[in-house]
Amino acid sequence: MITVSERREREWKEGGKGDTIEAEERERERAREQAGDGVSETRAPPPSPVQTPRNSAMDSIAEPSALLLLPPPSSTSVEQFRLIYEPILTEALSRLSNNLNGSNHIAILDIALALPGLLSPKYLPRSKVFKPLQHFVANIYSLIGIIGVKNDIQLDAAGGIDARVILVDSDLSADTTTSAVPTGPIISLRTLATSTRLWDRVFYPGNQVGQKLATDFSSVYPQVEFPGIGGLQSIPNVPEWTASESLLASEDPKDDAIAHYSVAVGGTFDHLHIGHKLLLTATVLALQPITEADKERERVVTVGMTGDELLVNKKYADVLESWEERCRNTGSFLSAILDFGPPESSSTRTEIVSQPESHGKYILLMIRPQLTLRLVKISDPFGPTITDEAISAIVVSKETRSGGMAINEERTKKGWRGLEVFEIDVLDTGNMSTGDVKDFASKISSTDIRRRRTEMAQNQ
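So in the UniProt record's numbering, spot 127 of the sequence shown is number 127, and the numbers just go up one at a time.
If you want it as structure tokens, here you go:
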């Protein structure tokens with residue numbers, strides 16, 4: 001039996017992203033002795049967890065993984081998304097769930113939503129199109145939650161599906177124009193196909209627009225070179241639609257957008273769920289991608305994560321994940337939607353830093369050259385946003401909107417420029433029944449997740 005946290009911990013270690021967390025005190029003491037600066041560092045082997053070849057057929061059975069290719073929709077409306085994508089997502093999630101065969105393992109489903117022109121220079125800086133991009137991601141995660149409720153499919157739990165949404169420019173030559181380093185959550189179809197992620201299968205809708213996307217993908221998919229990866233599987237009985245060629249243009253991109261090289265988000269991130277995934281994905285969507293024009297400039301994503309000492313009064317605190325566990329899970333998810341480069345070019349490095357005078361305790365995870373994740377332990381509502389002037393944007397939810405305003409008030413007192421505040425959509429339940437709405441809400445509530453785990457433990 002393996003839990004979600006245990007699988008993510010193993011992935012983290014296999015990708016070289018967790019060794020220093022478990023050996024934190026030892027490494028910190030060693031660093032102090034050698035340099036006196038409170039920094040510990042581990043250089044890790046290159047492969048990321050999803051790129052590590054499987055050793056046997058049993059591995060494929062135990063932990064199935066799949067890719068779902070979604071062609072561009074005909075419009076950006078929520079209704080249209082549900083009409084065309086719900087049956088496709090339902091079939092893919094159901095097949096993958098059935099493949100678990102009642103086990104307590106977790107299946108991975110990478111969902112690639114294709115949108116034409118995503119990597120075009122006209123959509124830079126990336127903040128220009130933040131609003132429509134996060135809207136697309138929110139629509140897909142909303143559908144995943146709805147389908148989970150309707151079909152009793154577990155999400156991000158033992159015996160369930162770990163779904164991850166990425167955005168793909170369907171033009172095979174797209175990343176030759178702007179992207180210097182292939183990093184998500186927006187990549188080209190070519191980068192996706194050649195990432196050597198070892199999916200057991202690749203789903204696509206069997207209509208004309210789906211077949212076109214699958215044909216383009218398979219033209220560069222290295223299935224012959226890597227026989228361990230699965231083939232393409234059509235999802236039948238999908239209605240036809242015409243893909244729109246101007247999805248972003250119709251969303252009125254901002255004309256006064258600025259590029260952000262250091263963005264932040266904050267939260268507890270306990271028992272990672274689809275609401276967290278939307279928030280984290282939106283945060284990296286606000287970050288300026290690495291292009292040839294400014295490839296030497298570092299990008300930093302700061303995740304302020306509430307320290308354990310502030311959570312002792314939370315409901316069902318006995319099943320709260322520790323700060324280290326939450327860092328592992330959050331880092332694993334962000335790595336999965338960011339790192340699509342070939343394994344041999346990876347140079348993952350993890351550092352644990354303790355600087356009480358400034359940022360406090362944090363973990364640095366170097367995803368790729370010039371792209372760093374900083375997981376910071378916070379003990380107040382502000383965290384590094386009022387100690388690091390370089391942070392220029394923050395991503396919030398409706399519930400944390402006031403927090404963004406409070407942060408800017410504190411920055412103004414310091415004479416610093418205020419953060420640009422980006423707000424994500426609320427996950428939409430549509431026209432679900434009252435009972436289903438409550439069930440949906442419980443799937444994106446860390447408190448309810450802890451309650452269910454407590455009840456399960458009591459009933460065993």
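Quick reminder that beta carbons are idealized off the backbone N, C-alpha and C, glycines included.
Does residue i pass the burial test, meaning 16 or more other C-beta atoms within 10 Å, or should it be called exposed?
i: G231; result: exposed
i: V137; result: buried
i: I449; result: buried
i: residue 500; result: No answer is possible for residue 500: the residues shown for the chain start at 1 and end at 460.
i: D171; result: buried
i: S40; result: Low confidence applies here, because S40 scores a pLDDT of 43, under 50, leaving its location unreliable; read the following figure in that light. Per the 10 Å Cβ criterion, buried.
i: D37; result: Because D37 carries a pLDDT of 44, less than 50, the predicted location of this residue cannot be relied on, and the following value inherits that uncertainty. Classification for D37: exposed.
i: T183; result: buried
i: R417; result: exposed
i: T242; result: exposed
i: P132; result: buried
i: R43; result: Here the model assigns R43 a pLDDT of 37, short of 50, so the residue's position is not dependable, and the following value carries that caveat. Exposed is the call here.
i: L320; result: buried
i: M405; result: exposed
i: D156; result: buried
i: residue 491; result: Since the first and last residues shown for the chain are 1 and 460, residue 491 lies out of range.
i: I386; result: buried
i: I258; result: exposed
i: D318; result: exposed
i: P121; result: exposed
i: D110; result: buried
i: G18; result: Confidence in G18 is poor, its pLDDT being 46 and thus under 50, which makes the residue's placement unreliable; the coordinate value appears in the next sentence. Buried, since its Cβ has 16 or more Cβ neighbours within 10 Å.
i: E63; result: buried
i: N98; result: exposed
i: T90; result: buried
Just reading off the alpha helix (DSSP H) that residue i is part of, what are its end residues?
i: S94; result: 78–100
i: V284; result: 274–285
i: A138; result: 130–150
i: V209; result: 208–218
i: A193; result: 189–193
i: K377; result: Run containing K377: none in the alpha helix (DSSP H); it sits in the beta strand (DSSP E), 371–378.
i: I337; result: 323–338
i: R411; result: 401–413
Could you work out which residue in the options is closest to residue i when comparing CA atoms only?
i: H273; options: K377, I161, T76; result: I161
i: K361; options: V303, D200, L334; result: V303
i: Y204; options: A158, I186, S234; result: S234
i: K398; options: A92, A293, L278, V263; result: L278
i: I186; options: F340, I394, A390; result: F340
i: L247; options: K413, R368, H135, G403; result: H135
i: N237; options: I84, Y141, V421; result: I84
i: P289; options: K315, Y316, Y261, H276; result: Y261
i: V421; options: P384, T429, I407, K414; result: I407
i: R401; options: S97, N207, I424; result: I424
i: R126; options: G102, S332, G404, D255; result: D255
i: F333; options: T434, P87, G307, H276; result: H276
i: R451; options: Y316, G117, I378, E240; result: Y316
i: E292; options: K438, P384, L124, S103; result: L124
i: R197; options: Q208, T215, P222; result: P222
i: E240; options: I88, M366, T191; result: I88
i: G117; options: T76, R326, E245; result: E245
i: W323; options: I352, I337, L338, A336; result: I352
i: R190; options: V220, G145, L364; result: V220
i: A193; options: S173, F217, G206; result: F217
i: residue 519; options: N98, Q154, Q208; result: Nothing about residue 519 can be read from this structure; the chain reaches only from 1 to 460.
i: K413; options: G430, E389, V396; result: E389
i: Q80; options: R95, I108, A336, L143; result: L143
Following the continuous beta strand (DSSP E) through residue i, name the residue where it begins and the one where it ends.
i: Y204; result: 201–205
i: T306; result: 299–306
i: D171; result: Run containing D171: none; DSSP gives neither H nor E here.
i: Q233; result: 232–235
i: I153; result: Premise fails: I153 is in no beta strand (DSSP E) and is neither H nor E.
i: L311; result: Here L311 belongs to no beta strand (DSSP E), and DSSP marks it neither H nor E.
Write down the C-beta distance between residue i and residue j rounded to the nearest angstrom, noting that I regard them as a contact closer than 8 Å.
i: L115; j: L167; result: 6 Å
i: V263; j: L287; result: 5 Å
i: L213; j: V165; result: Contact doesn't hold; Cβ gap of about 16 Å is too wide.
i: L285; j: S188; result: With a Cβ gap of about 16 Å, L285 and S188 do not count as contacting.
i: L280; j: T350; result: Not really, about 18 Å apart at Cβ, beyond 8 Å.
i: I378; j: T306; result: 6 Å
i: L100; j: G159; result: 6 Å
i: residue 464; j: L364; result: In the structure displayed, the chain extends from 1 to 460; residue 464 sits before or after that span and is not available.
If you measure from the beta carbon of residue i to each beta carbon in chain B, is any gap under 8 Å?
i: R450; result: In the structure shown, chain B does not exist; there is a single protein chain.
Compute the minimum distance between the beta carbon of residue i and the heavy atoms of the ligand SAM, and state whether it is under 7 Å.
i: I108; result: This structure does not include the ligand SAM; it has no bound ligands of any sort.
Meets three-Cβ-pair contact criterion under 8 Å: the stretch 261–270 and the stretch 150–166: Too few Cβ pairs lie closer than 8 Å, so no.
Meets three-Cβ-pair contact criterion under 8 Å: the stretch 67–81 and the stretch 197–217: Put simply, the stretch 67–81 touches the stretch 197–217. At least three CB pairs are less than 8 Å apart.
Segment contact, 8 Å Cβ cut-off, at least three pairs: the stretch 367–375 with the stretch 289–306: Flag = yes, the stretch 367–375 and the stretch 289–306 touch.
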